[in-house]
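Note sheet for the following structure.
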Amino acid sequence: MPFQSTIQRFDSIDSTNLEAMRQARAGAPEGLCIVAREQTRGRGRLDRSWQSPPDAGLYLSLLLRPKFEVPAWPLITLMAALAVRDALVKTCGVSADIKWPNDLCLNDKKLCGILAETLETSSGGAVVLGIGINLTPEILPLVPAEATSIESATGEKPDGEQVLDGLLKSIAGNYELLDNAEGREHIIREWCAHSSYAIGRQVRVSLGAEGFEGTTRGLESDGALRVETSDGKMRVVRAGDVTALRSVLS
Ligand code: BT5
Numbered sequence: 002m003p004f005q006s007t008i009q010r011f012d013s014i015d016s017t018n019l020e021a022m023r024q025a026r027a028g029a030p031e032g033l034c035i036v037a038r039e040q041t042r043g044r045g046r047l048d049r050s051w052q053s054p055p056d057a058g059l060y061l062s063l064l065l066r067p068k069f070e071v072p073a074w075p076l077i078t079l080m081a082a083l084a085v086r087d088a089l090v091k092t093c094g095v096s097a098d099i100k101w102p103n104d105l106c107l108n109d110k111k112l113c114g115i116l117a118e119t120l121e122t123s124s125g126g127a128v129v130l131g132i133g134i135n136l137t138p139e140i141l142p143l144v145p146a147e148a149t150s151i152e153s154a155t156g157e158k159p160d161g162e163q164v165l166d167g168l169l170k171s172i173a174g175n176y177e178l179l180d181n182a183e184g185r186e187h188i189i190r191e192w193c194a195h196s197s198y199a200i201g202r203q204v205r206v207s208l209g210a211e212g213f214e215g216t217t218r219g220l221e222s223d224g225a226l227r228v229e230t231s232d233g234k235m236r237v238v239r240a241g242d243v244t245a246l247r248s249v250l251s
C-alpha cells in the first residue's frame, strides 16, 4: 500500500519527536505526522537543542514502522534529506546542499536539521523522523552565524503549508525506494549527486572529544561516510559531526 500520512497539529508542544514517540508507544500507526507551530524543547542530536520559535519554521515528525532490515534504517535520514531538498526546489525554488548526515545548507549555513530516532514499541521497532526547516529569519538571532532561512535566501516568506505538502509527497516516494536494494542504491546515488560533501571534500570528523581530518570518498551501502586520511587509510564514519575544512565557495 502506498505510504499515507495523517497530520496532527499543535500550536505549541515540547517536541514533535517526543510527541510522536509517545503516540508510537501507545500504538499509533505508521504515517502519523505531528506538526507544531512552536516547540519549547526542540531536540537536535546528542541532547542538543533545536530553536523553534512560533511560526518561524516548519517543525514536524513522522512515525515510520519500516518493514525492511534494521541495518538499512540509517538510510532513512538520507532519503529524508533528499525529500527535503526536492520539496524546497519545487515549492520555494531553493536548491540546498546536503551535508552528511542530517543537515541541509545554503551557502554553508544550516537551513534544515533532521533527527531520526529509533524506539521499541509493543507493535515492533519504529523510527520517528523529525525535520526542522527554517522558514523565516526570526530564528537567526537565536543561533550563532551558522544558520539561515528560506526567506533570507529568497527574500520571500515561504508558505509553510505548501512546503509541508511537498515534503510529505517527496517522502512518500522516497520511502518506498528503501524496500529493495535497487531503490537503496538509487537513494545513495542521488544523495551523492546532491551533496558537496560526498566525494573529494576535505573535512574534519568530530566524535565527542576525538576527531580526525581527511577527504570524503562517498558512502557505504548503509549510508556511512567514507573518509580517507592523509596516510591513505579509509575510515568509515557512522556517527559524529562533519565540518568542511574549506568552503566550496572560496
Ligand atoms: C539537528 O541536530 O540538526 C536535528 C534537528 C531536528 C529538529 C527537528 S524539529 C522537528 C523535530 N522535533 C524535534 O524535537 N526535533 C526535530 P544537530 O545536528 O545535533 O544540530 C543541532 C545544532 O544546530 C544545535 O546545537 C545548534 O548549533 C544548531 N541549531 C539549533 N537550532 C537551529 C536552527 N533552528 N537552525 C539552524 N541551526 C540550529
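So for the sequence shown, my numbering puts the first residue at 2; every next one is plus one. We put the beta carbon where it would ideally sit given N, CA and C, even for glycine. None of these values were measured; they are calculated from a predicted model.
Measuring CA to CA, which of Ile189, Arg236 and Gly201 is closest to Leu208? By 1-based counting over the sequence shown, the position of residue 208 is 207. The residue with the shortest Cα to Cα distance from Leu208 is Arg236.
Among the residues of its own chain, which have a CB less than 7 Å from the CB of Ser251, if the five just before and after it don't count? As a working mapping, residue 251 is identified with position 250 in the sequence shown. In this prediction, Ser251 has a pLDDT of 42, which is less than 50 and means its spatial position is unreliable; what the coordinates show is noted afterwards. Excluding sequence neighbours, Ser251 sits near nothing in its chain.
Report all residues from its chain with a CB closer than 8 Å to the CB of Gln5; omit the five preceding and five following residues, and keep chain order. On the sequence shown, position 4 is the one that residue 5 refers to. The residues are Gly32 and Ala173.
Would you call the stretch 45 to 58 and the stretch 177 to 187 in contact, with 3 or more CB pairs under 8 Å? no
In this structure, what does DSSP give as the bridge partners for Met235? Indexing the sequence shown from 1 puts residue 235 at position 234. Answer is Glu229.
For the ligand NAD, is there any heavy atom lying closer than 6 Å to the beta carbon of Asn135? Questions concerning the ligand NAD fall outside what the structure shown contains, since the ligands it does hold are the ligand BT5.
Residues bridged to Glu121 by DSSP? Within the sequence shown, numbered from 1, the residue matching residue 121 stands at position 120. In DSSP, Glu121 forms a bridge with Gly126.
Since Trp101 contacts Leu226 with CB under 8 Å, what's their CB separation in whole angstroms? Counting from one through the sequence shown, the residue named residue 101 turns up at place 100. Counting from one through the sequence shown, the residue named residue 226 turns up at place 225. Indeed, because the Cβ distance is near 5 Å, the residues count as touching under 8 Å.
Any idea what DSSP makes of Lys100, helix, strand or coil? Working through the sequence shown from its first residue, we reach residue 100 at position 99. Lys100 falls in the strand class under three-state DSSP.
Between the beta-carbon of Ser50 and the beta-carbon of Val129, is there less than 7 Å? Here residue 50 refers to the residue found at position 49 when the sequence shown is read from its first residue. Here residue 129 refers to the residue found at position 128 when the sequence shown is read from its first residue. No. Outside cutoff.
Identify the continuous alpha helix (DSSP H) that holds Arg202 and give its terminal residues. Reading the sequence shown from its first residue, position 201 is the one you call residue 202. Where Arg202 is concerned, there is no enclosing alpha helix (DSSP H), although the beta strand (DSSP E) it sits in stretches over Ile200 to Leu208.
Same chain, Cβ closer than 8 Å to Gly28, five either side skipped, listed in chain order: The residue you call residue 28 lines up with position 27 of the sequence shown. Excluding residues within five positions, the ones whose Cβ falls inside 8 Å are Thr122, Ser123 and Ser124.
C-alpha gap between Gly219 and Ile200, whole angstroms: Numbered from its first residue, the sequence shown carries residue 219 at position 218. Numbered from its first residue, the sequence shown carries residue 200 at position 199. When rounded, the distance between both Cα atoms is 5 Å.
Any heavy atom of the ligand BT5 within a distance shorter than 6 Å of the CB on Leu116? The sequence position of residue 116 within the sequence shown is 115, counting from 1. Leu116 Cβ: within cutoff of the ligand BT5.
Do you know whose CA, among Ser197, Thr230 and Ala82, lies nearest Arg205's CA? On the sequence shown, position 204 is the one that residue 205 refers to. Nearest of Ser197, Thr230 and Ala82 to Arg205, Cα basis: Thr230.
Going by the C-beta, is Ala21 closer than 6 Å to any heavy atom of the ligand BT5? In the sequence shown, the residue the question calls residue 21 occupies position 20. Flag unset: Cβ of Ala21 not near the ligand BT5.
Identify which residue in Val71, Gly131 and Cys193 has its Cα closest to the Cα of Asp180. Locating residue 180 in the sequence shown gives position 179, counting from the first residue. For Asp180, the nearest C-alpha among the options comes from Val71.
Is the distance from the Cβ of Glu147 to the Cβ of Lys110 below 7 Å? Position 146 of the sequence shown, counted from the start, is the residue given in the question as residue 147. Position 109 of the sequence shown, counted from the start, is the residue given in the question as residue 110. Cβ atoms of Glu147 and Lys110: closer than 7 Å.
Under 8 Å Cβ to Cβ from Ser222, same chain only, skipping five residues before and after it: list those, please. On the sequence shown, residue 222 is found 221 positions in, with the first residue counted as 1. Arg185, Glu186 and Ile189, listed in sequence order.
Which complete alpha helix (DSSP H) runs does the stretch 12 to 46 hold, if anything under 4 residues is left out? 17 to 26
Compare the beta carbon distance of Arg1 and Thr217 with 7 Å and say whether it is the shorter of the two. Coverage of the chain is limited to positions 2 through 251, which leaves residue 1 absent and any answer about it impossible.
Distance check for Lys234 and Gly45, CA to CA, integer angstroms please. Indexing the sequence shown from 1 puts residue 45 at position 44. Indexing the sequence shown from 1 puts residue 234 at position 233. Looking at the two C-alpha atoms, the distance is approximately 31 Å.
Measure from the alpha carbon of Val243 to the alpha carbon of each residue in Glu214, Thr155 and Ala117, then state which is nearest. Taking the first residue of the sequence shown as position 1, residue 243 is located at position 242. Nearest of Glu214, Thr155 and Ala117 to Val243, Cα basis: Glu214.
Beta-carbon separation of Asn175 and Ala84 under 7 Å? Taking the sequence shown and counting its residues from 1, one reaches residue 175 at position 174. Taking the sequence shown and counting its residues from 1, one reaches residue 84 at position 83. Result yes, Cβ atoms of Asn175 and Ala84 sit closer than 7 Å.
Indicate whether Leu79 and Gly224 have their beta-carbon atoms separated by less than 7 Å. On the sequence shown, residue 79 is found 78 positions in, with the first residue counted as 1. On the sequence shown, residue 224 is found 223 positions in, with the first residue counted as 1. Closer than 7 Å, so yes.
Tell me the DSSP secondary structure of Val164 in three-state form. The residue you call residue 164 lines up with position 163 of the sequence shown. Of the three classes helix, strand and coil, the one that applies to Val164 here is helix, per DSSP.
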